[in-house]
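Chains as they are written, first to last, in this note's numbering: chain A, 20 to 220; chain B, 20 to 220.
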């Protein structure tokens with residue numbers, strides 16, 4: 020039985036789509052056929068959006084968030100509290116904090132977390148720019164909001180050591196049991212953090 | 020609390036990605052940030068694959084499958100049985116049939132199914148080209164393999180009426196209970212088809 024191949028430009032597109040996170044062989048094919056079926060302008064709109072994003076996006080001079088100008092929309096907003104900085108691993112983490120509608124400070128994006136096993140050392144993160152920024156604008160508080168993963172925890176510990184000499188309040192986001200979770204499904208490490216971090220009511 | 024916006028080129032990309040089937044707001048954002056984080060060449064590779072696919076893909080002159088030449092890879096394969104045609108709604112349905120490794124005929128792609136409620140009539144499907152093709156190359160058998168949905172069933176019924184005068188064997192794929200399905204989860208319409216289509220053992 021001869022094997023059938025997709026027409027070459029289609030096969031190339033399927034291969035490119037399969038590289039996207041969470042896109043397997045089947046959905047890559049489904050997306051490719053979708054892009055074949057829609058108006059040509061729509062398919063080209065997506066392609067152009069990718070190209071334009073890669074061309075125009077740069078990092079905010081101050082906080083290393085994505086920006087299309089010198090400063091990002093947050094750093095250039097005078098209504099934000101510029102003495103309070105939340106340190107995050109990735110630019111998209113900002114959306115999560117913003118959706119809480121309970122934070123009015125600014126950010127600093129590390130673009131990663133320490134991972135010596137993958138050759139990611141302090142010099143590979145946006146840490147130097149955090150220190151420089153603190154020389155320019157005095158900060159009241161730095162909230163370390165890296166993930167409570169091995170890498171994020173190591174990063175927070177490293178930052179604590181680095182920032183401590185600088186006379187700034189350093190805090191860590193609370194680690195514990197997620198809202199809505201039954202204790203039955205909580206692991207020991209989380210339970211342990213949760214007890215250690217208990218607060219008086 | 021001021022609302023934060025993504026940098027414009029990023030927001031545009033997220034909006035374009037959200038138009039893809041099965042891509043919601045969250046995964047559109049995840050994909051956009053992935054495309055920001057990978058090597059620029061990789062992101063541009065996807066964009067170029069979309070553009071190139073829309074530029075180069077056309078429909079096979081004979082069967083209306085996607086092709087990058089005059090005939091698709093199946094219609095130009097002399098090892099296939101060109102007297103046996105499987106009629107399908109969409110080009111991607113071909114992959115499903117091919118994966119069975121039990122079919123060696125050729126195909127005809129309708130590019131849709133009859134749906135008067137959505138203004139899709141016989142003239143909007145690749146039916147005329149099926150009739151013309153049958154005048155050129157005599158067929159032994161036409162397998163109607165449209166989906167057993169309302170629209171696919173209507174299309175099969177219409178094709179049966181249209182092809183009957185042409186002295187060709189017309190068959191319909193078997194409709195019944197899927198392999199591996201417990202009868203407990205089978206609907207009455209499927210059960211009814213399954214009984215009507217029972218075969219002697």
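Every residue, glycine too, gets a C-beta built ideally from N, C-alpha and C.
Next item on the list: Please confirm whether residue 165 of chain A and residue 125 of chain A have their CB atoms less than 9 Å apart.
Entry: Taking a C-beta distance under 9 Å as the contact criterion, residue 165 of chain A and residue 125 of chain A do not qualify as a contact pair.
Next item on the list: Would you please verify whether the beta carbon of residue 147 of chain A is less than 9 Å from any beta carbon of chain B?
Entry: Interface annotation, residue 147 of chain A: not in contact with chain B, CB-CB separation never under 9 Å.
Margin query: Distance check for residue 91 of chain B and residue 155 of chain B, CA to CA, integer angstroms please.
Written below: Rounded to the nearest angstrom, the two C-alpha atoms are 17 Å apart.
Check: Using a C-beta cutoff of 9 Å, does residue 134 of chain A count as contacting chain B?
Finding: Not one chain B Cβ lies under 9 Å of residue 134 of chain A.
Margin query: Considering only the alpha carbon of each residue, which of A:102, A:204, A:171, A:43 lies closest to residue 140 of chain A?
Written below: Here the closest residue by C-alpha is A:171.
Margin query: Let me check understanding here. Comparing Cα to Cα, which of B:24, B:187, B:146, B:151 lies closest to residue 174 of chain B?
Written below: Distances from the CA of residue 174 of chain B to each of B:24, B:187, B:146, B:151 were compared; the closest alpha carbon is that of B:146.
Notebook entry, point to check: Comparing the C-beta of residue 152 of chain B with each C-beta of chain C, is any distance below 9 Å?
Noted result: This model lacks chain C altogether; the protein chains it does include are A and B.
Check: Whose CA, out of B:62, B:103, B:67, B:127, lies closest to the CA of residue 80 of chain B?
Finding: Minimum Cα distance to residue 80 of chain B is reached at B:127.
Notebook entry, point to check: Would the segment 32-50 of chain B and the segment 64-77 of chain B be scored as touching if the rule is three or more Cβ pairs under 8 Å?
Noted result: No, the segment 32-50 of chain B does not touch the segment 64-77 of chain B.
Check: According to the neighbour-count rule (16 or more other Cβ atoms, all chains shown, within 10 Å of its Cβ), is residue 48 of chain A buried or exposed?
Finding: Classification of residue 48 of chain A: buried, given that the 10 Å Cβ count is 16 or more.
Next item on the list: Look at the alpha carbon of residue 199 of chain B and the alpha carbon of residue 34 of chain B, and state the distance between them as a whole number of angstroms.
Entry: Straight-line Cα distance between these residues: approximately 40 Å.
Margin query: Please list, in chain order, the chain B residues whose beta carbon lies closer than 8 Å to that of residue 61 of chain A.
Written below: Against chain B, a Cβ distance below 8 Å from residue 61 of chain A picks out 38.
Next item on the list: Take residue 201 of chain B and list the residues in its own chain whose beta-carbon comes closer than 8 Å to its own, dropping the five residues that flank it on each side.
Entry: Contacts found: none.
Next item on the list: Within the segment 39-94 of chain A, note down every full alpha helix (DSSP H) run reaching 4 residues or more, in order along the chain.
Entry: DSSP assignment within the segment 39-94 of chain A yields the following whole alpha helix (DSSP H) runs of 4 residues or more, N-terminal first: 44-56, 59-75.
Checklist line | Anticipated Cβ contact below 8 Å, residue 190 of chain B with residue 214 of chain B, distance rounded | finding: For a cut-off of 8 Å, the C-beta gap from residue 190 of chain B to residue 214 of chain B is around 19 Å, too long to register as a contact.
Check: Helix, strand or coil for residue 152 of chain A per DSSP?
Finding: Helix at residue 152 of chain A.
Check: Are residue 115 of chain B and residue 129 of chain B close, meaning C-beta to C-beta below 9 Å?
Finding: It is not a contact, given that the beta carbons lie outside the stated cut-off.
Next item on the list: List the endpoints of the continuous alpha helix (DSSP H) containing residue 118 of chain A.
Entry: Its alpha helix (DSSP H) spans residues 112-118.
Item checked: Classification of residue 110 of chain A by the beta-carbon crowding that lies within 10 angstroms, buried from 16 upward -> Residue 110 of chain A should be labelled buried.
Margin query: If the cut-off is 8 Å on Cβ atoms, which residues from the segment 108-119 of chain A count as contacting chain B, listed in chain order?
Written below: Cβ contacts with chain B come from 109, 110, 111, 113, 114, 117.
Check: Is residue 21 of chain A helix, strand or coil by DSSP?
Finding: Note that residue 21 of chain A has pLDDT 43, beneath the 50 cutoff, so the model's placement of it is unreliable and the number below is only indicative. In the three-state DSSP reduction, residue 21 of chain A falls in the coil class, being neither helix nor strand.
Item checked: Residue interval of the beta strand (DSSP E) (run including residue 161 of chain A) -> Its beta strand (DSSP E) spans residues 160-163.
Item checked: Other residues of its chain near residue 50 of chain B: CB distance less than 6 Å, five sequence neighbours each side excluded -> In its chain, beyond the 5 residues on either side, 36 have a beta carbon closer than 6 Å to the beta carbon of residue 50 of chain B.
Checklist line | Boundaries (first-last residue) of the alpha helix (DSSP H) holding residue 214 of chain B | finding: In the DSSP annotation of this structure, the continuous segment of the alpha helix (DSSP H) that includes residue 214 of chain B starts and ends at 207-215.
Note to self: Considering only the alpha carbon of each residue, which of B:31, B:101, B:74 lies closest to residue 153 of chain B?
What the structure shows: Checked all of B:31, B:101, B:74; the closest Cα to residue 153 of chain B is B:101.
Check: So, are the CB atoms of residue 104 of chain B and residue 160 of chain B less than 9 Å apart?
Finding: In this structure, residue 160 of chain B lies closer than 9 Å to residue 104 of chain B by Cβ.
Margin query: Can you confirm whether residue 101 of chain B, when its beta carbon is compared against all beta carbons of chain A, has any partner nearer than 9 Å?
Written below: Residue contact check for residue 101 of chain B against chain A: no CB pair falls below 9 Å.
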